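Asks: Okay, handing you the structure first.
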Ligand code: UD1
């Protein structure tokens with residue numbers, strides 16, 4: 025019998041790719057999503073890629089009673105992968121209560137559900153934002169947690185603390201927090217990918233929308249940083265590699281007899297500047313990208329990339345896809361969206 029896994033936010037960007045990889049690894053995802061920042065057609069696409077249509081519980085993770093009721097109709101659920109969260113950094117500074125209530129409240133509810141139904145594995149979606157601007161690079165899981173730049177970042181820190189405290193009180197909990205660096209790209213089928221709400225804040229969707237003629241030009245934020253070409257450095261990871269890491273984390277937790285709370289960095293281990301990303305993209309789409317240099321963006325860290333040895337040694341996971349693979353898949357996804365006139369606005 026297939027193991028069932030609850031995936032909150034399973035219709036979202038990373039969640040949908042993870043559902044595809046779970047199904048490929050013989051798990052049965054049960055998606056909880058209120059479609060706040062995702063579209064129903066993504067479920068059809070998951071089915072088109074995998075041949076399996078996951079069940080959808082259209083519920084807000086803040087609605088504990090409804091969650092309990094809907095989940096009680098299932099047997100053999102093994103664990104929870106918890107993606108559902110608000111993620112717009114800028115908005116979180118304007119509406120901090122919305123972020124604290126949703127992101128922390130839903131994490132607490134999912135832990136309560138885990139306890140109620142005696143599931144054991146809990147995989148949490150965290151972010152490298154918890155490291156702020158690290159003093160030493162690459163960052164390891166032992167690197168200090170610095171003051172978060174935004175309420176969004178702080179919700180990730182607080183949720184990790186909540187899970188850590190709860191793991192001390194509950195010896196059966198097998199929890200893993202995955203700190204994502206910069207997820208980019210799309211499924212190579214071009215059937216699922218990122219659907220930014222309105223104008224994208226993140227670099228790669230802004231690049232692909234500019235190349236597609238939807239945005240006039242890309243603004244490169246800051247050209248005078250203390251890096252080789254003056255632009256910021258990040259660790260970009262293909263979303264399919266990231267999705268595979270969730271399956272590895274699940275297997276890692278299932279293989280352990282005792283309770284645990286482990287943290288893993290998920291990146292490529294390599295830093296690339298904004299200009300390097302732009303140049304790599306230009307090579308892929310064989311056109312010049314319209315861009316200009318603009319002032320620094322407040323809150324941006326200069327340089328961050330991951331040490332990924334722990335994930336490799338303990339979960340047996342490492343990236344297989346390159347920056348160029350990710351940019352090619354992101355571009356094909358953008359072209360597919362335009363062909364089908366799909367927007368998220
Ligand atoms: C951002 C969030 C981070 C979150 C992550 C999710 C901030 C400060 N951080 O990371 O908390 O976990 O997204 O993916 O928002 N850039 C441009 N022009 C653009 C957009 C971006 O030059 O139009 C540059 C940025 O200055 C940065 C790099 O591209 O140097 C990557 O930016 P972005 O994709 O927004 O990711 P992060 O800021 O690293």
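In our numbering, the protein residues as written are 25 to 369.
Every residue, glycine too, gets a C-beta built ideally from N, C-alpha and C.
Please read these numbers as outputs of a predicted model, since none were measured by experiment.
1. The beta strand (DSSP E) with residue 140 in it runs from where to where?
2. State the Cα-Cα distance for the pair residue 339 and residue 240, rounded to the nearest angstrom.
3. In whole angstroms, give me the CA-to-CA distance for residue 224 and residue 60.
4. Would residue 83 and residue 56 qualify as a contact pair, given that the criterion is a beta-carbon distance under 9 Å?
5. If you measure between the beta carbons of residue 387 and residue 291, is that distance less than 9 Å?
6. Can the beta-carbon of residue 154 be found closer than 9 Å to that of residue 107?
7. Can you find a heavy atom of the ligand UD1 that lies under 8 Å from the Cβ of residue 152?
8. Confirm the yes/no value for this check: CB of residue 156, any heavy atom of the ligand ZN, distance under 8 Å.
9. Counting only runs of 4+ residues fully inside the region 62 to 98, write out the alpha helix (DSSP H) ranges in chain order.
10. Which residue marks the beginning of the alpha helix (DSSP H) containing residue 322, and which one marks its end?
11. Closer than 8 Å: is that where the CB of residue 245 sits relative to any heavy atom of the ligand UD1?
12. To which residues of the same chain is residue 163 closer than 8 Å at the C-beta, ignoring the five residues directly before and after it?
13. Straight-line CA distance for residue 320 to residue 143?
Replies: Working from what's here:
1. For the purposes of this step, residue 140 is identified with residue 116 of the chain shown, where counting begins at 1. Counting along the chain, residue 140 falls outside any beta strand (DSSP E), though it belongs to the alpha helix (DSSP H) covering 129 to 141.
2. As a working note, residue 339 is residue 315 in the chain shown. As a working note, residue 240 is residue 216 in the chain shown. C-alpha separation (whole angstroms): 43 Å.
3. In the chain shown, residue 224 corresponds to position 200, counting from 1. In the chain shown, residue 60 corresponds to position 36, counting from 1. So the alpha carbons of these two residues sit roughly 16 Å apart.
4. As a working note, residue 83 is residue 59 in the chain shown. As a working note, residue 56 is residue 32 in the chain shown. Closer than 9 Å, so yes.
5. An answer regarding residue 387 cannot be provided, because it is not within the stretch 25 to 369 covered by the chain.
6. Along the chain shown, read from residue 1 onward, the residue named residue 154 stands at position 130. Along the chain shown, read from residue 1 onward, the residue named residue 107 stands at position 83. Not a contact, by the Cβ cut-off of 9 Å.
7. Working through the chain shown from its first residue, we reach residue 152 at position 128. The answer is yes for residue 152.
8. As presented, the structure is devoid of the ligand ZN, carrying the ligand UD1 as its sole ligands.
9. 65 to 74, 88 to 95
10. Walking along the chain shown from the start, residue 322 turns up at place 298. It is not in any alpha helix (DSSP H) - residue 322 carries neither H nor E in the DSSP assignment.
11. On the chain shown, residue 245 is found 221 positions in, with the first residue counted as 1. Yes, the ligand UD1 has a heavy atom inside 8 Å of this Cβ.
12. Walking along the chain shown from the start, residue 163 turns up at place 139. Once the five neighbours on either side are set aside, the close Cβ partners of residue 163 are 152, 155, 289, 328, 329, 330, 331.
13. The residue given as residue 320 occupies position 296 in the chain shown. The residue given as residue 143 occupies position 119 in the chain shown. Going from the Cα of residue 320 to the Cα of residue 143 covers about 45 Å.
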